[in-house]
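Visitor:
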Amino acid sequence: MPSEELPAARPSEGWGVLHLAFSIAAPREPVSTAEAEALVAAFEGEPDQQVLAFSVLGQRADLGLLLIGPDLARLHALHRDLLATPLATRLVERPELSLVSITEASEYLEDDGSPRVAALRDSRLHPRDLPLRRLLCYYPMAKRRAGADNWYGLPFEDRKRLMYGHGALGRTFAGRVLQLITAATGLSDWEWVVTLLVDDPKAIKDVVYEMRYDEVSARYGEFGAFVVGLVAPFPQALREAGLTPS
Amino acid sequence: MPSEELPAARPSEGWGVLHLAFSIAAPREPVSTAEAEALVAAFEGEPDQQVLAFSVLGQRADLGLLLIGPDLARLHALHRDLLATPLATRLVERPELSLVSITEASEYLEDDGSPRVAALRDSRLHPRDLPLRRLLCYYPMAKRRAGADNWYGLPFEDRKRLMYGHGALGRTFAGRVLQLITAATGLSDWEWVVTLLVDDPKAIKDVVYEMRYDEVSARYGEFGAFVVGLVAPFPQALREAGLTPS
Amino acid sequence: MPSEELPAARPSEGWGVLHLAFSIAAPREPVSTAEAEALVAAFEGEPDQQVLAFSVLGQRADLGLLLIGPDLARLHALHRDLLATPLATRLVERPELSLVSITEASEYLEDDGSPRVAALRDSRLHPRDLPLRRLLCYYPMAKRRAGADNWYGLPFEDRKRLMYGHGALGRTFAGRVLQLITAATGLSDWEWVVTLLVDDPKAIKDVVYEMRYDEVSARYGEFGAFVVGLVAPFPQALREAGLTPS
Amino acid sequence: MPSEELPAARPSEGWGVLHLAFSIAAPREPVSTAEAEALVAAFEGEPDQQVLAFSVLGQRADLGLLLIGPDLARLHALHRDLLATPLATRLVERPELSLVSITEASEYLEDDGSPRVAALRDSRLHPRDLPLRRLLCYYPMAKRRAGADNWYGLPFEDRKRLMYGHGALGRTFAGRVLQLITAATGLSDWEWVVTLLVDDPKAIKDVVYEMRYDEVSARYGEFGAFVVGLVAPFPQALREAGLTPS
Amino acid sequence: MPSEELPAARPSEGWGVLHLAFSIAAPREPVSTAEAEALVAAFEGEPDQQVLAFSVLGQRADLGLLLIGPDLARLHALHRDLLATPLATRLVERPELSLVSITEASEYLEDDGSPRVAALRDSRLHPRDLPLRRLLCYYPMAKRRAGADNWYGLPFEDRKRLMYGHGALGRTFAGRVLQLITAATGLSDWEWVVTLLVDDPKAIKDVVYEMRYDEVSARYGEFGAFVVGLVAPFPQALREAGLTPS
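Residue numbers (the numbering used here), protein chains in the order written: chain A, 1 to 246; chain B, 247 to 492; chain C, 493 to 738; chain D, 739 to 984; chain E, 985 to 1230.
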């Protein structure tokens, strides 16, 4: 079935993002990956669409995919079409690691009409051509609503001040860590998805650990499952994950 | 077995609602969907019954169904009969995403005998002909009972005042979001099921996120698993979900 | 193996109760149910033993059984023997919905030697001939032990007063709702099992929801998984659940 | 492979204990149990080693085994060797109900050099020849560390006083209930495993329920999954659980 | 596929660590382990790389592996390559017991330029030639962030003082217990992984239990799943776990 059959589902602002995770079914016999590779190549040939592929460290999963683009229906179609290829006979879906989100500009970013803010907003809403760092880490996040530690009970100004300090701390990792934060409230069980791209595995630990002492995380942060993998072009990621092409 | 064998199980007020979710078993070989399509068409041919079908985004599930009608036994019969068709050989049930509920008019809505309130009550108790927006989101909800944040310890008047403000905020999304809230206490592990119908994926995020700052959600809301899918007529939803007809 | 081989395991006071739940394995091919039906008929032919069968609404399970009688070993034997019949080749056990309990008279019921209290105690300890209402709902329950809300830290007189009010509210549903509360502490992960028998699905929602505002539930109640099904004589319940006899 | 190959793993004080649980895979065809029975008999023929076997009530599991003896490697070897017999083709392991622990004398028991305390310590550290009561119940336990209810923040003298009262209440059940408490901290996710042996099912409910009002449990007790079964000699327990010998 | 294809993923400081756990699939037929043994031998033949293998006690898993070395990609390649050998046809991965971490020197260890501190830092960052004690225990850990018990809200000096006392208590177990603590924040759902190597099973209970009374654990410690196993050279560990070589 051609994927163009799906009517679009485009956010009125921002792009869609799907984080997908798969385990490889035993026995690990060779499988034809050509059809899947062609689907990914075609997808990436369309404007503003990208796939980040990674082989997952540990036993949590084997293969991870981050799909990004303006139309959630198009991302869904790629996901569905991949599952109709021979490759899918070796894959087991890991729904507990799957997340649906959309890109957003921070609500705490004041739009002063400057080109700087416009560029910042654009880079957050339309994260084109994400670079292939050696590792990718993603995890979902929510703000705590428990007794005296209720983020959603804070006045906007307090939240803005706290988030400003949080962001400033995060920016000290610029260069070492490329960070993408997307909105998941209502789309997943969590409120945001954080994706980190790094070359140094220690940088993942450093940024997540050091920011945990910031009040936004220390007092108000709730974190879900962390997935870490080795990024590579799709065909290479399949091999690094253990999928031997036939 | 003809489904008419089941004695009715009709709520004395309101209709029954079943939210069902399925994954597609690998390999995704073509399957005959004709019998399932005929069952759904027959069901919808009876008065006051409707099926909303959607292909689920992400890996949480593949196909979702919302069944609504006056008789829970009739909804159950459709569910059971679908599982006896060839289509069911490709489906895996996802019980953790399944919810049983019944429609209700809000207890905080004062019945002043006016036609306006009568119409409002009727639209909540008998939600006929729900429109096919591009996306459907559903999730279960409960009110918190924890320490100082115990909804069930609040006087009725306080709850009424809080819910009035909550509803007023919700109404600012009228047009962008069509919302159906059904009662699940005693029928599911949660107390209510929220179903949202939208054309803009961002509208799901906006309404759930913005309402989270309202005291009813911020302090008293507990939320379960969120499922989001692309709505389509049943035969098309099967294809969009990845079920290729033979 | 004849079930009479099992030495008895009779509570010194009260009867045993098993709540069992099963899903039906795909594909739903016809299966011989005759042997299972004969086992249930023989069980019910012995004194003081009863089976309530129901097809479960939603995807949580397909078939539910409530086994009740004076000897836990006899209930266990029926369960085991059912699993040795051809019917069992279509059933998947759902241990997360299974509960072991025994009947009990309330500890807060003062025995004043009157025939009224004696009859009440007898009806709770020996619930003979439970009626077949259209629906059955069961769920496990525990009393909270958290910070200031610790039921087990309350003096007996306070608990007695609270439970008296709780029971009085429950009795306003007499007629609409038949309720059986059995003791599960030490036998299951929860402390009690509540079984409701009703003809009106809305009555389940009404009684559980309205009692949640009573302090016993609002402040001290913890609730587990709710299972709701359509009650029918055993052979009919099998058909309503989707088990087509061969 | 002969089990004597395993180097010993003996606690410097106390014995090892394994609680194991299994479900029976469908279909329940006859299976040869002779090899498994021989392994258990050989194990019990060695000094200070015992197997308690029971068929589990409800759907949580079907067969339970309690292995006890001085050397954890020897217990492990029996477990491993049982899984290499034909019986194991009918068994599914239930890891969520499995516990590893070692016997211990209470740290609150003052060693005054008396023969009474020496005998008490010996009976706790070396529980030889546990009797076959009709029922066995086991569950894991931890002490709470939450806000104001933090057992591990209490001075030793307070804990000793509380545990003395707790033990005195427990001793009122002597005769009706035989109780074995073993240490699991670091060996399992919980801190202790409680094993109860009784003839009257109601005695399980009575002792666990009544002790829950004692401050040690009411305020500081956390409890895991409860497993209850019918005890019998190993070959009979296999039959009671539904394993028909070929 | 040769494992050298994977580009390196070396932390800028410290080594990578993978904790892996497997169950053995029934039936336990003989399997060729030669290829897996050759892979492990080759891995250990490269500098600074080690595999600790153990058969797991209880039913939580059957075989455990701890992989350590400077390059996470190399550890991943061994994991992946093992799953392509015949041995893997008998193994089922247990992702819930898998952890990714990196070695670290304690942040509370002041670097005074002395050879003593340099040696201590080196032994923590580069734990070469871990000894084969009879038992290995591992578990993940996080620091609590709940209400008044929020580790991440404490000043550095308070944390340093608390950790100093905690470490001093831990050092009283030197000799009986060899302890490795690795950093998991951002790499796993937990913040640290603790690995204990002992000859006496009671030493595991003693160290974890006694340290639980220290304020760092009592008030701020959160603990995940504990896995305990019998350590042996890889080929012997396979046999002790129940994998019979063909």
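For each residue, glycine too, the CB sits at the ideal point set by N, CA and C.
So is V946/D in contact with chain E if we call contact Cβ pairs under 8 angstroms?
Guide: If you number the fourth sequence from 1, residue 946/D lands on position 208. It does not; no Cβ of chain E falls within 8 angstroms.
Visitor: Closer than 8 angstroms between beta carbons: that is the criterion. Which residues of the region 1165-1185 of chain E meet it against chain D?
Guide: L1180, D1184, P1185
Visitor: Within 10 angstroms of its Cβ, does D452/B collect 16 or more other Cβ (buried), or is it exposed?
Guide: The count along the second sequence starts at 1 and reaches residue 452/B at position 206. Flag for D452/B reads buried.
Visitor: Is there a C-beta anywhere in chain C that falls below 8 angstroms from the one on F964/D?
Guide: Indexing the fourth sequence from 1 puts residue 964/D at position 226. It does: the Cβ of F964/D has a partner Cβ on chain C nearer than 8 angstroms.
Visitor: Just list the residues that DSSP pairs A500/C with in beta bridges.
Guide: Here residue 500/C refers to the residue found at position 8 when the third sequence is read from its first residue. When DSSP reads this structure, A500/C sits in no beta bridge, so it has no partner.
Visitor: Check for me: the alpha helix (DSSP H) holding A791/D runs from which residue to which?
Guide: Within the fourth sequence, numbered from 1, the residue matching residue 791/D stands at position 53. Here A791/D belongs to no alpha helix (DSSP H); instead the beta strand (DSSP E) covers 788-794.
Visitor: Which residue marks the beginning of the beta strand (DSSP E) containing H511/C, and which one marks its end?
Guide: Your numbering for residue 511/C matches position 19 in the third sequence. Its beta strand (DSSP E) spans residues 508-516.
Visitor: Report the residue from V228/A, V51/A, A26/A whose alpha carbon sits nearest the alpha carbon of E37/A.
Guide: As a first step, residue 37/A is located in the first sequence; it is residue number 37 there, counting from the start. For the residues V228/A, V51/A, A26/A, the minimum Cα distance to E37/A belongs to V51/A.
Visitor: Decide if D614/C is buried, meaning its Cβ has at least 16 other Cβ atoms within 10 Å, or exposed.
Guide: The residue you call residue 614/C lines up with position 122 of the third sequence. The residue in question, D614/C, is exposed, as its Cβ has fewer than 16 Cβ neighbours within 10 Å.
Visitor: What are the start and end residues of each continuous alpha helix (DSSP H) run of 4 or more residues lying completely inside the region 642-691 of chain C, in chain order?
Guide: Counting only runs that start and end inside the region 642-691 of chain C, the alpha helix (DSSP H) elements of at least 4 residues fall at 648-663.
Visitor: Grab the span of the beta strand (DSSP E) containing L1051/E for me, first residue to last.
Guide: To locate residue 1051/E, count along the fifth sequence from 1; it is residue 67. First-last of the beta strand (DSSP E) with L1051/E: 1047-1053.
Visitor: The alpha helix (DSSP H) that contains G537/C, what's its start and end?
Guide: Here residue 537/C is taken as the residue at index 45 of the third sequence, counted from 1. Per DSSP, G537/C is one residue of the alpha helix (DSSP H) stretching across 526-537.
Visitor: Between which two residues does the alpha helix (DSSP H) holding E948/D run?
Guide: Numbered from its first residue, the fourth sequence carries residue 948/D at position 210. That run of the alpha helix (DSSP H) goes 939-949.
Visitor: Run down chain C in chain order and give the residues with a C-beta less than 8 angstroms from the C-beta of P765/D.
Guide: Translated into the one-based positions of the fourth sequence, residue 765/D becomes position 27. Per Cβ cutoff of 8 angstroms: A580, T581.
Visitor: What three-state label does DSSP hand A856/D in the structure shown?
Guide: Reading the fourth sequence from its first residue, position 118 is the one you call residue 856/D. Helix.
Visitor: In whole angstroms, what separates the C-alpha of P7/A from that of E222/A?
Guide: In the first sequence, residue 7/A corresponds to position 7, counting from 1. In the first sequence, residue 222/A corresponds to position 222, counting from 1. When rounded, the distance between both Cα atoms is 35 angstroms.
Visitor: Let me check one thing: in DSSP terms, what residues is A638/C bridge-paired to?
Guide: As a working note, residue 638/C is residue 146 in the third sequence. In the DSSP output, where bridge partners are listed per residue, A638/C has D641/C.
Visitor: Give me the chain B residues within the contact set of L233/A, using Cβ-Cβ distance strictly less than 8 angstroms, ordered along the chain.
Guide: Your numbering for residue 233/A matches position 233 in the first sequence. It is Pro, not Leu, that sits at residue 233/A in the sequence shown. What P233/A touches in chain B: nothing, since even the nearest Cβ is about 23 angstroms away.
Visitor: Run down chain D in chain order and give the residues with a C-beta less than 7 angstroms from the C-beta of Y1197/E.
Guide: Here the question's residue 1197/E lines up with position 213 in the fifth sequence. Ordered by position in chain D, the residues that pass the 7 angstroms Cβ test against Y1197/E are Y890.
Visitor: Show which residues of chain C have a CB atom less than 9 angstroms away from the CB atom of L264/B.
Guide: Stepping through the second sequence from its first residue, residue 264/B is reached at position 18. Per Cβ cutoff of 9 angstroms: L549, G550, Q551.
Visitor: Alpha carbon to alpha carbon, how far is V1161/E from E461/B?
Guide: Sequence index remark: in the fifth sequence, residue 1161/E carries index 177 (1-based). Sequence index remark: in the second sequence, residue 461/B carries index 215 (1-based). C-alpha separation (whole angstroms): 51 angstroms.
Visitor: What does DSSP give as the partner residues of A843/D in its beta bridges?
Guide: Sequence index remark: in the fourth sequence, residue 843/D carries index 105 (1-based). BP columns for A843/D are empty, so no partner.
Visitor: Looking at the structure shown, is L484/B part of a helix, part of a strand, or coil, going by DSSP?
Guide: Mapped onto the second sequence, residue 484/B falls at position 238. Of the three classes helix, strand and coil, the one that applies to L484/B here is helix, per DSSP.
Visitor: Please say whether Y877/D and F988/D have beta carbons closer to each other than 8 angstroms?
Guide: Since the first residue of chain D shown is 739 and the last is 984, residue 988/D is not available in this structure.
Visitor: Quick one: is G734/C near chain B, going by C-beta distance under 8 angstroms?
Guide: Stepping through the third sequence from its first residue, residue 734/C is reached at position 242. Yes, because at least one Cβ of chain B sits closer than 8 angstroms to the Cβ of G734/C.
Visitor: Pull the bridge partners of A970/D from the DSSP assignment, please.
Guide: On the fourth sequence, position 232 is the one that residue 970/D refers to. Paired residue(s): A791/D.
Visitor: Would the beta-carbon of L918/D fall within 8 angstroms of that of S793/D?
Guide: Indexing the fourth sequence from 1 puts residue 918/D at position 180. Indexing the fourth sequence from 1 puts residue 793/D at position 55. Going by C-beta atoms, L918/D is not nearer than 8 angstroms to S793/D.
Visitor: Identify, in the order they occur along the chain, each residue of the same chain with its Cβ nearer than 8 angstroms to the Cβ of L400/B, setting aside the five sequence neighbours on each side.
Guide: Locating residue 400/B in the second sequence gives position 154, counting from the first residue. Hits under 8 angstroms: L408.
Visitor: Using a threshold of 8 angstroms, state whether the C-beta atoms of L67/A and L75/A are closer than that.
Guide: Taking the first sequence and counting its residues from 1, the one referred to as residue 67/A is at position 67. Taking the first sequence and counting its residues from 1, the one referred to as residue 75/A is at position 75. Yes, they are a contact pair.
Visitor: Under a CB-based cut-off of 8 angstroms, is I247/A close to chain E?
Guide: Outside the shown range of chain A, which is 1 to 246, sits residue 247/A, and nothing can be said about it.
Visitor: Check whether the Cβ atoms of R520/C and G734/C sit closer than 8 angstroms, and answer yes or no.
Guide: For the purposes of this step, residue 520/C is identified with residue 28 of the third sequence, where counting begins at 1. For the purposes of this step, residue 734/C is identified with residue 242 of the third sequence, where counting begins at 1. Between R520/C and G734/C, the C-beta gap is smaller than 8 angstroms, which places the two residues in contact.
Visitor: Verify whether the separation of the beta carbon atoms of L612/C and H511/C is less than 8 angstroms.
Guide: Walking along the third sequence from the start, residue 612/C turns up at place 120. Walking along the third sequence from the start, residue 511/C turns up at place 19. The answer is no: Cβ separation not under 8 angstroms.
Visitor: Do you know whose CA, among A323/B, R306/B, L309/B, D308/B, lies nearest D554/C's CA?
Guide: In the third sequence, residue 554/C corresponds to position 62, counting from 1. It is A323/B.
Visitor: Which of the three DSSP states, helix, strand or coil, is assigned to E1077/E?
Guide: The count along the fifth sequence starts at 1 and reaches residue 1077/E at position 93. Three-state result, E1077/E: strand.
Visitor: How many whole angstroms separate the CB atoms of Y455/B and G186/A, which I take to be in contact at a CB cut-off of 8 angstroms?
Guide: Counting from one through the second sequence, the residue named residue 455/B turns up at place 209. Counting from one through the first sequence, the residue named residue 186/A turns up at place 186. That belief holds up - the Cβ atoms of Y455/B and G186/A are roughly 7 angstroms apart, short of 8 angstroms.
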